[in-house]
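Accompanying notes for the structure given below.
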Amino acid sequence: MKIRTSLMATAALSLIVVACGNAATTSAPASSTPEPSTAPASEAASTAPEVTPAPAAEPFRVAVIMPSSTTDLAFSQSMYAALVAEQEKAGGEANFEIKFTENMFNVPDAQAAIRDYASQGFDLVVAHGSQYGAGVEEIAKDFPEVSFAWGTDVNTFGLPNVFAYTAAAEEGGYVNGVLAALVSTTKKIGVTGPVEVGDAKTYIDGFTQGVTATDPSIKVSKTWTGSFSDVAAMTEAAKAHITAGADVLTGSSQSVVGSIGAAKDAGNVLWFGTQSDQVSLAPTLVVASQVYDWTVVLDDIITKIQSGTLGGEIYTLKLENGGLKIAYNSGYALAADAKAAGDKAIADITSGAVTVTP
Amino acid sequence: MNEAVLATIVAIAAASLRLATPYLFASIGEMFAQRSGVLNLGVDGIMLVGAFAAFYGTLTTGSVWVGVAVAMVAGLAMGLLMSVISVTLKAEQGISGIGLSLFGLGLSSLLFKVLVGTVKTVDGFRPIHIPLLSDLPYLGDIFFSQNLTVYVAFLLVPVSWYVLERTPWGLTVRAVGQNPAAADTLGVNVTVVRYLCVCLGAVLAGLAGAALSIASVNLFQENLTAGAGYIAVALVYFGGWRPVGILMGALLFSTVTAIQLRMQVLGIEMPSDFAVMLPYVLTIVALTFSANRARQPAALNQPFERGVA
Chain A
0 MKIRTSLMAT AALSLIVVAC GNAATTSAPA SSTPEPSTAP ASEAASTAPE VTPAPAAEPF
60 RVAVIMPSST TDLAFSQSMY AALVAEQEKA GGEANFEIKF TENMFNVPDA QAAIRDYASQ
120 GFDLVVAHGS QYGAGVEEIA KDFPEVSFAW GTDVNTFGLP NVFAYTAAAE EGGYVNGVLA
180 ALVSTTKKIG VTGPVEVGDA KTYIDGFTQG VTATDPSIKV SKTWTGSFSD VAAMTEAAKA
240 HITAGADVLT GSSQSVVGSI GAAKDAGNVL WFGTQSDQVS LAPTLVVASQ VYDWTVVLDD
300 IITKIQSGTL GGEIYTLKLE NGGLKIAYNS GYALAADAKA AGDKAIADIT SGAVTVTP
Chain B
0 MNEAVLATIV AIAAASLRLA TPYLFASIGE MFAQRSGVLN LGVDGIMLVG AFAAFYGTLT
60 TGSVWVGVAV AMVAGLAMGL LMSVISVTLK AEQGISGIGL SLFGLGLSSL LFKVLVGTVK
120 TVDGFRPIHI PLLSDLPYLG DIFFSQNLTV YVAFLLVPVS WYVLERTPWG LTVRAVGQNP
180 AAADTLGVNV TVVRYLCVCL GAVLAGLAGA ALSIASVNLF QENLTAGAGY IAVALVYFGG
240 WRPVGILMGA LLFSTVTAIQ LRMQVLGIEM PSDFAVMLPY VLTIVALTFS ANRARQPAAL
300 NQPFERGVA
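Chains as they are written, first to last, in numbering that gives the first Met the number 0: chain A, 0 to 357; chain B, 0 to 308.
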């Protein structure tokens with residue numbers, strides 16, 4: 000009996016905390032849902048005061064499932080920030096409701112969350128991770144009246160209620176590469192990547208092309224840690240590049256905070272970011288970041304849904320459509336000619352004069 | 000030998016000492032728990048709570064020492080929880096340890112979200128260059144230019160060996176792990192010894208977390224350990240429940256990791272997926288060939304019931 004009781008106590012304790020800490024489901028941002036919250040696991044997590052008077056019209060309701068947290072300074076944050084921007088555009092929470100479930104590294108959990116949201120009648124369910132594809136394909140068939148968007152991928156499974164979106168990360172990677180080649184004095188550049196797939200790979204491929212096109216004598220060496228979340232490995236990988244003489248680093252995934260930390264410790268190593276603006280981590284060392292702006296995609300998806308089209312479209316963030324932006328860090332004094340070269344690279348890619356192969 | 004190759008070897012050696020540090024703290028702590036007969040699989044969760052506590056203490060006060068103190072207290076609290084569950088309530092140790100791991104993961108993520116919110120960096124432990132010794136060619140860079148946690152972790156190896164093998168208390172711990180019923184008849188309080196060992200292990204696991212968050216990466220992120228606590232438990236088996244064995248295991252694992260992370264820098268062409276697998280594959284292979292079950296504490300994983308044996 001004793002054993003059973005304590006086991007149950009442990010299990011219950013873990014479940015409660017895991018539920019509210021690791022996979023928090025929250026409404027956003029200044030939570031006040033127009034109707035009682037019924038989101039999965041929100042019993043433990045949601046502390047939303049429900050004070051807003053019911054709006055005149057039905058709000059547009061979006062749910063998003065993300066692999067990491069809304070504050071990861073990378074992939075998940077880029078989508079969350081875009082949704083909040085859409086919310087502001089729509090005139091706040093009364094017209095545009097956002098629910099999110101974060102830290103869904105575990106795919107079966109994510110699928111359960113996707114299905115839950117779909118059954119709650121959200122207008123749009125965003126499955127923000129390429130690993131969620133199989134789940135979206137299956138669940139979208141069961142909920143033909145709900146619109147799904149997922150990425151990064153280019154497959155809508157031929158379903159009329161699925162949108163797919165991706166980012167041409169190689170484009171901003173190329174621009175970062177051009178800039179990196181111009182600011183490196185040791186002619187050695189280090190890349191710290193997670194796993195050689197998806198936009199991590201295309202970003203780094205584009206980056207390498209940008210460096211080589213600008214200065215073929217520069218050596219770009221790459222390390223893959225094999226994990227999207229292992230910060231300690233990223234730190235060590237960055238240190239390896241720095242000891243080998245690299246004075247410029249870049250990398251992708253939410254674990255690059257480790258690389259940025261290593262650059263900061265070294266003091267004179269510059270950083271190029273991607274996915275989100277990473278200036279806040281090293282205000283003087285980040286030269287520029289490629290920023291994903293999903294509002295371009297969301298604008299069109301929302302318009303389409305409101306006019307009755309629930310899917311079928313494939314979107315790609317590009318420099319040309321404004322979905323990719325290069326955010327220069329005002330805290331870093333970038334030489335005028337380097338900035339000009341960066342701007343020229345942006346213009347060339349936009350006009351098609353330069354093609355970057357992913 | 001060519002200068003560049005030598006510099007790379009020095010860098011790999013220095014990195015392997017750095018990378019071994021959290022494992023040493025956690026594994027030596029876990030060794031104490033296991034030598035007293037308690038398998039604590041919650042190391043990863045304790046490390047996470049310790050890592051967050053150290054990070055938060057340092058972030059709010061600016062002092063790494065406050066960070067270390069908070070990490071130890073947090074580790075102690077987790078150790079007490081594990082002791083109550085597995086020693087007093089006699090829950091199945093493996094399962095309750097996994098529960099504790101999940102609890103630590105959830106708790107640290109929750110506190111991080113509520114108290115900090117976004118990724119921030121702190122000023123952690125800086126490398127200490129030991130006078131004279133750090134000027135030695137090559138050796139100075141490898142052994143005498145590390146941060147304080149590295150020195151302490153390596154000091155723990157002889158200290159823990161001495162405590163376990165050469166002190167009366169160490170003998171008591173070993174007796175409790177081998178034959179708690181016999182120890183009990185000799186007047187040893189098995190429960191107290193196990194509480195002490197689990198808590199000591201947990202405090203060291205808390206320090207392992209601190210070594211990650213305020214010495215190695217100087218920041219906290221959800222699931223910062225990425226499973227390092229489980230590797231630490233494996234290293235205890237690998238090391239045959241002895242400090243020296245654990246040291247060898249930790250160094251093997253960290254050296255291969257350090258080499259793997261430098262493979263591309265060295266210009267060795269190898270598919271990245273294979274390189275990433277290397278440390279784990281080698282660990283499994285080494286574990287297979289070095290397995291020495293004979294050294295396993297006889298009462299490991301067995302709750303002690305007085306009069307039932």
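Backbone N, C-alpha and C define an ideal beta-carbon position, used for all residues, glycine too.
In this text, all values refer to a predicted model and were calculated from it rather than measured experimentally.
Check                                                                                                                        : Outcome
Reduced DSSP category for L326/B - H, G, I as helix; E, B as strand; rest coil                                               : No answer is possible for residue 326/B: the residues shown for chain B start at 0 and end at 308.
Distance CB(A242/B)-CB(I27/B) smaller than 8 Å                                                                               : A small correction: the amino acid at residue 242/B is Pro; Ala does not occupy that position in the sequence shown. A contact, by the Cβ cut-off of 8 Å.
Alpha-carbon to alpha-carbon, L138/B and S144/B                                                                              : 9 Å
K140/A, enclosing alpha helix (DSSP H) - first and last residue                                                              : 132-141
Cutoff 7 Å; reference V219/A; Cβ partners in own chain excluding five residues on either side                                : I188, V190, T207, V210
Where Y161/B falls, given that 16 or more other Cβ within 10 Å makes a residue buried                                        : exposed
8 Å contact criterion, which V125/A and V83/A should meet: CB distance rounded                                               : With a Cβ gap of about 13 Å, V125/A and V83/A do not count as contacting.
Proximity to D152/A [Cα-Cα], best of S146/A, T165/A, V353/A                                                                  : T165/A
The stretch 172-183 of chain A touching the stretch 285-293 of chain A, judged by at least three CB pairs closer than 8 Å    : yes
Buried/exposed call for T315/A, threshold 16 Cβ in 10 Å                                                                      : buried
Terminal residues of the alpha helix (DSSP H) in which L178/A lies                                                           : 168-182
Contact set between S329/A and chain B, taken where Cβ atoms lie within less than 9 Å                                        : Chain B residues near S329/A: none, gap ~20 Å exceeds 9 Å.
Rounded C-alpha distance that separates T254/B from G91/A                                                                    : 53 Å
Reduced DSSP category for I64/A - H, G, I as helix; E, B as strand; rest coil                                                : strand
C-beta neighbour in chain B for H240/A, strict 8 Å                                                                           : yes
Contact list for T120/B against chain A, beta-carbon separation under 7 Å                                                    : G260, K263, L280
Contact under 8 Å by Cβ, G36/B with G176/B                                                                                   : yes
P52/A burial status per 10 Å Cβ neighbour count (16 or more: buried)                                                         : Here the model assigns P52/A a pLDDT of 46, short of 50, so the residue's position is not dependable and the matter cannot be decided.
Cα-Cα separation between K238/A and I213/B, rounded to whole angstroms                                                       : 16 Å
As assigned by DSSP and simplified to three states, the class of Y236/B                                                      : helix
Between the CA atoms of A111/A and E34/A - distance to the nearest angstrom                                                  : At E34/A the pLDDT is 42, less than 50, meaning the model places this residue with poor confidence and gives no usable figure here.
Three-state secondary structure (DSSP) of E144/A                                                                             : coil
Three or more C-beta pairs below 8 Å linking the stretch 226-244 of chain A and the stretch 290-298 of chain A               : no
Collapsed DSSP secondary structure at W149/A in the structure displayed                                                      : strand
Chain-order list of residues whose beta-carbon lies under 8 Å from that of P130/B (same chain, five-residue window excluded) : none
Backbone CA spacing between A168/A and V255/A [nearest angstrom]                                                             : 16 Å
Min CB distance N154/A to chain B below 8 Å                                                                                  : no
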